[in-house]
Amino acid sequence: MAGLYLHIPFCKQACHYCDFHFSTLLQQREAVLAALVQELELQQGYLAGEQLSSVYFGGGTPSLLTEKELDALFTAIHKNFSVHPQAEITLEANPDDLDLYTLNVLHESPVNRLSIGIQSFREEDLKLMNRAHAVEQARDCLRLAKEVGFEKLTADLIYAMPNMSDADWVQNLDALLQYDLPHFSAYALTVEAKTALHKFVKDGKVQPASDADQKRQFDLLIDMAVSRGYEHYEISNFAKPGQRAVHNSSYWKSEPYLGIGPSAHSFNGHSRQWNVSNNTKYVQALSRGELPATVEQLSIFDQLNEQLLTGLRTSEGVNLARLEQRFGPELVAQLRAGLLDLKDDWYQLRHDQLVLTRSGKHFADLIASDLFILADDEH
Amino acid sequence: MKNIRNFCIIAHIDHGKSTLADRLLQVTNTVDVRDLQAQTLDDMDLERERGITIKSHAIQMDYTYKGEKYTLNLIDTPGHVDFSYEVSRAIASCEGALLVVDASQGIEAQTISNLYLALEHDLHIIPVLNKMDLPGANPEEVKDQIVELLGCDIADILPASGKTGFGVDVLLEQIVERIPAPKGDPDAPLQALIFDSVYNNYRGIVAYFRVFNGSIKSGEKVKFFNTGKEYYAEEIGILKMKQQPRKRVETGDVGYIISGIKTAKEVQVGDTITSMERPATEGIQGFELVKPMVFAGIYPVDTEDYEELRDSMDKLQLNDASLVFEPESSAALGFGFRCGFLGMLHMEIIQERLEREFNMTVITTVPNVSYYCTTTKGIKMTVNNPSDLPDPSTIDFIEEPYINAQVITKADYIGAVIELCMSKRGIIKNQVYLTSNRVEITFEMPLGEIVFDFYDRLKTISRGYASFDYHQIGYRESRLVRMDIRLNSEPVDALSSLIHTDKAYELGKKMCEKLRELLPRQQFDIAIQASIGAKIIARETIKALRKDVTAKCYGGDISRKRKLLEKQKKGKKRMRQVGNVEIPQNAFLAVLKLD
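Read top to bottom, the protein sequences are chains A and B. When you line the first sequence up against my numbering, it's residues 490 to 868, in that order. When you line the second sequence up against my numbering, it's residues 106 to 700, in that order.
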């Protein structure tokens, strides 16, 4: 099974924390969408004929797409790929776009899952992050989405924001849990380089949360979600049983995926490639029939390390016996030796299944890094 | 002999010495154009990268002028103050020198001190104005500087460009015309001056020499005057692009000798080779044992690599006799070596060579100079490591080495340079305007102060324009104390330093702040303290790390994240655990970069 990602690189306005590729200039919209169609054509062989178990429209803001535009993309997808009848087809949407009309259009389309960027139910947070919607819109769209018949819904929340107390966070989370969604994601606010937020922090205008704040709010999150029947199946993702995200899970399971659109990444097991993060360059290259991508071949070490860094984020962890089959006993023996240097209460190893504990999850990056095997390791 | 010309090139780093030398080799057909790697004379990678000739070499060119064949020996000299003794021996082997000055930059301190060396040895100086092709060239002003410095005629200055080859023909003619042929007695007993040596994996040490009197024959038995050791001259010859064996190297000429010597220590620069058959009664004047000026501990990051480090250091010493070391142990770092270096650059070079050529990851501790400590019982001891300083109550007084330092700078930066030198306990001795815009300032200051981030700051405050040279002028009594650093109460001896009492509080504070910056956060709080004896003079805390996991990890994040975590892992491998605290390799040198 394989996944298909389409990057829709437009936004009405820039959120202060976002470092994804997007443009608020909409005049290139037509050309970019035409190029997406061309790229789908050009890349039809990338997944070696595998059937798509998921399609994901990310951004940017895919909810800006009109019915006609969405249609054109689906036509191109079906023309070049075989889509499993039960495939998960997700579209990221902002609350301000999700009026009743749009929701109905989307529901009529092949899209069967919405990922809604709620982020917060507090007006001051939305303002600070420069989100385009108001709290009322967030509430309305969740209610309406259910009403028009979307069963698969997920929403994003952000915690450890500046000036967010633990009580604020609990209140926010509680507001979302009211809707009893099958799935949600909650992210600690990360101050990314080259964002407005980064500049505010640097200039001392915004005081970021400390890692102690992040840790406490992360713990609150896990406790509350689990008590409401969610599985904490990835660091930032929570699902009711059977409701895990198919598409995003493919990233963590090292399954192949094809990314279409500027800045989109693709992975086929042994190489990774990414398109240029620039709409104009992207359009120009495709108009010449070229793929504006940088390709990185993944060494056996890279592949193993990536499986560690993504796998250890999940509730399943990684299976050492399976890694052994794939990468050979020598590397995995090194990995097992590396485990001995970790704190005992960070992980569990049962029947070769290596899983991080709650306290280990707080240090998932550090642990992955410590377990990495580098090409020049002499052992 | 009358058709031999021996000369060297005196130039500041970056003034284009190597490029010009390449041109000479090319025009005389010593080297083929297509073999001409940029900067042919520098054959260590490190040298080429740094653009500094670390080890001097020599090369012979054939040149026909007015129908006569001439042998031109170019003896290359290192361009850094750390290697000034090697420069002096190279200069002693020549009759002439090209003074190469960058037409856009003018004369620098290092050039002047080497020029004085050359004049002391009565070398004929040919001033060359290089980089005439550059748009920023300012030949008139630089010519004035040269005339003032040499007292030469303005017409004596030759314009050239190593880059375009302009002026190189005239330069070769003038080398023959102006530089005197060597003098010497072909019938006298052999006296040949060793001015350099290199290590060859298969042949052992190759020593480079200049014959002053007599001649050296292949296969004869020779003696090195100062070491007293005797060898067979297994192979002798001259130096073209490759070594060319000869039966005999005559008076005035430059050549090499291979005699099965395995360690660089036996071949001392400045030593005299003489023949056993008819030995000379005395060596050539000016021999000195090279003394290390700066000391630091070198330790393997991984304690298990101690033996491997020893092997590597032994091998390094084979071709770098100026490196000295002895085993030492540190409570914090375990077993390692206390090493003596000619200067800070030499120290950096050794550390880099250990990493590059021997794949060793090492920790270099805070460097220091050599102190004299006199105890209350009147015993005078040499202290090369702050940890060796006896208990303060038993110390009568401590002496530290002083230097005479020359800084040449643009007039605009005088204030800043003086301020820097004063902050380094310098005393201004003299200030001379070389031209209306260039000043030479002379200071006396403790050598120990230039170890602490002096060069970098001098470059910064003068926007790279100031140049610096020094020589040692003996020891003076100073009020010095040892400052220790503790991490979670555990003293880290490798971070101890000897500092002036008046600066202790300021330095202690800066040191703690710097360490707070450099030490990664760990799973617990880390207390950093600076102390003198039992007294804590500064303190900082690094808060424990509560969390290390990024929120998002999707398709576009994986590659970037993998690289980030790989880097983190590599960084960790270069850390050393002391007590329960992981210390990155670079933190040990933190004290050098406090501003």
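Don't be surprised by glycine CBs; every beta carbon is placed ideally from N, CA and C.
Alpha carbon to alpha carbon, what distance is there between residue j and residue i?
i, j, result
"Thr-487 of chain B", "Leu-254 of chain B", "40 Å"
"Ala-491 of chain A", "Ile-749 of chain A", "14 Å"
"Leu-780 of chain A", "Phe-557 of chain B", "53 Å"
"Arg-383 of chain B", "Ala-293 of chain B", "9 Å"
"Phe-330 of chain B", "Ile-321 of chain B", "15 Å"
"Leu-552 of chain B", "Asp-561 of chain B", "15 Å"
"Glu-549 of chain B", "Ser-583 of chain B", "14 Å"
"Leu-459 of chain B", "Glu-618 of chain B", "30 Å"
"Lys-101 of chain B", "Ser-699 of chain A", "Outside the shown range of chain B (106 to 700) lies residue 101 of chain B, about which nothing can therefore be said."
"Gly-156 of chain B", "Ser-123 of chain B", "Caution is warranted here: a pLDDT of 39 is assigned to Gly-156 of chain B, below 50, making its placement in the model unreliable, and no coordinate value can be reported."
"Glu-687 of chain B", "Ala-599 of chain B", "14 Å"
"Asp-249 of chain B", "Thr-269 of chain B", "24 Å"
"Asp-517 of chain B", "Gly-483 of chain B", "49 Å"
"Arg-679 of chain B", "Ala-627 of chain A", "49 Å"
"Lys-160 of chain B", "Tyr-313 of chain B", "Since pLDDT at Lys-160 of chain B reaches only 45, below the 50 mark, its modelled position is unreliable, and the value read off the structure follows with that caveat. Spanning the two alpha carbons is a distance of roughly 12 Å."
"Phe-300 of chain B", "Ile-284 of chain B", "20 Å"
"Gly-693 of chain A", "Leu-670 of chain B", "28 Å"
"Lys-326 of chain B", "Ala-242 of chain B", "53 Å"
"Leu-276 of chain B", "Gln-131 of chain B", "13 Å"
Along chain B, in chain order, which residues have C-beta atoms closer than 7 Å to that of residue i?
i, result
"Ala-734 of chain A", "The premise fails here: Ala-734 of chain A is roughly 10 Å from chain B at the closest Cβ pair, so nothing lies under 7 Å."
"Ser-725 of chain A", "Ala-656, Lys-657"
"Tyr-676 of chain A", "Ala-656, Lys-657"
"Asp-585 of chain A", "Under the 7 Å cutoff, chain B gives no residues; its nearest Cβ is about 22 Å from Asp-585 of chain A."
"Asp-700 of chain A", "Leu-650, Arg-651, Lys-652"
With DSSP as the reference, label residue i as helix, strand or coil.
i, result
"Glu-462 of chain B", "helix"
"Leu-263 of chain B", "strand"
"Glu-744 of chain A", "coil"
"Thr-606 of chain B", "helix"
"Gly-806 of chain A", "coil"
"Gly-520 of chain B", "helix"
"Tyr-506 of chain A", "coil"
"Asp-873 of chain A", "This structure does not reach residue 873 of chain A, given that chain A is present from 490 up to 868, and the question cannot be answered."
"Ala-436 of chain B", "coil"
"Phe-317 of chain B", "strand"
"Thr-487 of chain B", "strand"
"Val-680 of chain A", "coil"
For residue i, count neighbouring C-beta atoms within 10 Å of its own C-beta (all shown protein chains included) and say buried if the count is 16 or more, exposed if not.
i, result
"Asn-672 of chain A", "Residue identity differs from the one stated: residue 672 of chain A is His in this sequence, not Asn. Classification for His-672 of chain A: buried."
"Glu-819 of chain A", "exposed"
"Ser-528 of chain B", "exposed"
"Ile-115 of chain B", "buried"
"Ile-259 of chain B", "exposed"
"Ala-817 of chain A", "The amino acid at residue 817 of chain A is misidentified as Ala; the sequence shows Gly. Label assigned to Gly-817 of chain A: exposed."
"Met-618 of chain A", "buried"
"Val-537 of chain B", "exposed"
"Phe-546 of chain A", "buried"
"Ile-533 of chain B", "exposed"
"Gly-800 of chain A", "buried"
"His-117 of chain B", "buried"
"Arg-602 of chain A", "buried"
In chain B, which residues lie with their C-beta within 9 Å of the C-beta of residue i?
i, result
"Lys-704 of chain A", "Arg-651, Lys-652"
"Thr-679 of chain A", "Thr-655, Ala-656, Lys-657"
"Tyr-746 of chain A", "Gly-660"
"Arg-802 of chain A", "Val-654, Cys-658"
Check the Cβ of residue i against every Cβ in chain A and list those closer than 7 Å, keeping chain order.
i, result
"Arg-667 of chain B", "Asp-791, Asn-794, Glu-795, Leu-798"
So with CB distances below 8 Å, who are the chain B contacts of residue i?
i, result
"Tyr-494 of chain A", "Gly-660"
"Lys-850 of chain A", "Val-654"
"Pro-737 of chain A", "Checking the sequence shown, residue 737 of chain A turns out to be Asn, not Pro. Result: Tyr-659."
Chain A partners of residue i, CB-CB under 8 Å?
i, result
"Lys-675 of chain B", "Leu-863"
"Ile-663 of chain B", "Tyr-740, His-754, Phe-756, Arg-761, Glu-795, Leu-798, Thr-799"
"Leu-670 of chain B", "Asn-794, Leu-798, Asp-854, Ala-857, Ser-858, Phe-861"
Check whether the stretch 331 to 341 of chain B touches the stretch 358 to 371 of chain B, counting contact only when three or more Cβ pairs, one atom from each stretch, lie closer than 8 Å.
yes
Count the CB pairs spanning the stretch 641 to 655 of chain B and the stretch 780 to 800 of chain A that are closer than 8 Å, and state whether there are at least three.
no
Any C-beta of chain E within less than 8 Å: which residues of the stretch 762 to 786 of chain A qualify?
Of the protein chains in this structure, namely A and B, none is chain E.
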